[in-house]
Amino acid sequence: MCAGGSEITMQADLTVEEPPEALAELFVDSHCHPTDDPAAYTEANLDELSRRIQYSAVGKLVCMSTNARDQKLVAELASRHPSKVIPCFGWHPWFAHQISLSDPAPSKRDHYYQLFGLSDGQIDDRGDLKIELDSMWDHLPNPVSLRDVCDEIEGNFERFPNALLGEVGIDRAFRIPRRAWNYDPQKTAEDNADQPRLTRLKTPQAHQMSILRAQIEVALRFKRNISLHSVQAAGLTVDLLSSLRNTDLASFGAIRLSLHSCTMDTNVVKSIAKKHANVYVGFSSTINRKQILQKECLAGVDRTRALMESDHHTVRNIPACLLQASRYFADLHSLSLEAAAQQLRSNWNAFYSSTYCQEQDSDTD
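Just so you know, the sequence shown maps onto residues 197 to 561 in the working numbering.
Quick look at the structure:
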């Protein structure tokens, strides 16, 4: 999930062009955010967003949810475009601070003060953090309980048998902005000029992991694949995957997991891929731009385990993002552009297939 302006910016090394229609038909965008398209910010505009999706040349869009606002929007798009939109439900780690582990959720004050270590006995020692919390107070929503979050995911999984879990994960780098990023076209000129400044507040790692594990438990119970966000959390991700595998090999082996726009060290990715046959590696021309320019993206990853993503929000720009990614994949493996697109489509089909994928341990103990 990318924060920032509503237009994609391209490096000179990455050609900006639309793919031919026949090529775009092969594309599966395995991770995108069309509900952050400016057309999605009012119910009246959902028709416009739906129209953009209908006429997009891309074959399939795997649409992520991230927070309380967009779960229903993703569901609506999937209902309108059942052959084109594959829905994903879940809460992104950037919004984990809005979730309470208690059920029912406590008051707004109790939740955020406890989460950021600002209980009465600690306020004097953490006065600067309290000032930052107070500065964003009006922009913070009332907390929602983790139980309610999981119940909503369960309900959407029951409604959409083809749905995945996503975007979920852990992000140790993210600092909470004074007000949330959004692409609402109704923002004033003053809003646009005053981009949200970041605070020093971070959602505690333990809190993020509790929310992530609870959502994964729902996915395992329903045998749904996962799109996993991991930023500055390679060790935590390795431990999480090992824990899932060691705790219940049958359940974890029955699903597949994509490391969304993976930026982990090459050796870490190789180790994960060797140990977990059901883990795929997502890549995009947005998040992985630096790695692509340095020819490091997907280094050492089997070509059959790569999934192409845009990680983009503006529907009209998704085809260009995917063309960039597919061109890199073609160059990396000395394939024609069409052969690369066919390979990536085959990878998606294998990832998305309901065929049981028993995980194989390639390690020698």
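Note that beta-carbon positions come from the ideal geometry of N, C-alpha and C, so glycine has one too.
By the Cβ-count criterion, Thr510 is buried, with 16 or more other Cβ atoms from all chains shown falling within 10 Å of its own Cβ. Secondary structure at His509: coil, using DSSP grouped into helix, strand and coil. Lys326: member of the alpha helix (DSSP H) spanning Gly323 to Ser331, first to last residue. Exposed is the label assigned to Asn545, since fewer than 16 other Cβ atoms lie within 10 Å of its Cβ. Nearest Cα to Gly313 within the set Ser303, Leu329, Ser480 and Thr433: Leu329.
Under the 8 angstroms Cβ criterion, the region 399–408 counts as touching the region 355–370, having at least three qualifying pairs. Residue pairing by DSSP places Cys228 opposite Cys259 in a beta bridge.
DSSP places Ile349 within a helical segment (H, G or I) once states are collapsed to three.
If you look at Glu214, you'll find it isn't in any alpha helix (DSSP H); DSSP assigns it neither H nor E. The beta-carbon separation of Thr459 and Gly496, rounded to 14 angstroms, does not stay under the 8 angstroms limit for a contact.
Counting only residues of its own chain and dropping the five nearest sequence neighbours on each side, Leu416 has a CB closer than 6 angstroms to the CB of Ser447.
If you draw a straight line from the Cα of Glu492 to the Cα of Ala516, it is about 21 angstroms long.
Secondary structure of Cys284 (DSSP, three-state): strand. Residue ranges of uninterrupted beta strand (DSSP E) with 3 or more members, entirely inside the region 473–508 and ordered along the chain, are 475–480 and 502–505.
Contact annotation: Val475 and Leu455 have beta-carbon atoms nearer than 8 angstroms.
Proximity to Asp243 across Pro230, Gly255, Ala253 and Val254 peaks at Pro230, based on C-alpha coordinates. Listed in chain order, the non-local C-beta contacts of Glu272 below 7 angstroms within the same chain comprise Leu242, local neighbours out to five positions each way being set aside. Val427: member of the beta strand (DSSP E) spanning Ile422 to Val427, first to last residue. Setting aside the 5 residues that flank it on each side, Ala292 is surrounded in the same chain by Thr399, His403, Gln404 and Ile407, each with a C-beta closer than 7 angstroms to its C-beta; the list follows chain order.
Following the DSSP letters along the chain, one finds Leu455 inside the beta strand (DSSP E) bounded by residues Leu453 to Leu455. Shown here for Glu213: same chain residues with a beta carbon closer than 7 angstroms to its own, the five before and five after excluded, namely Ala516 and Leu519 in chain order. Counting only residues of its own chain and dropping the five nearest sequence neighbours on each side, Gln538 has a CB closer than 7 angstroms to the CB of Leu222. Leu325 is not a Cβ neighbour of Arg265, given a cutoff of 8 angstroms.
When the five nearest sequence neighbours on each side are left out, the beta carbons in the same chain lying within less than 7 angstroms of the beta carbon of Phe418 are those of Phe353, in order along the chain.
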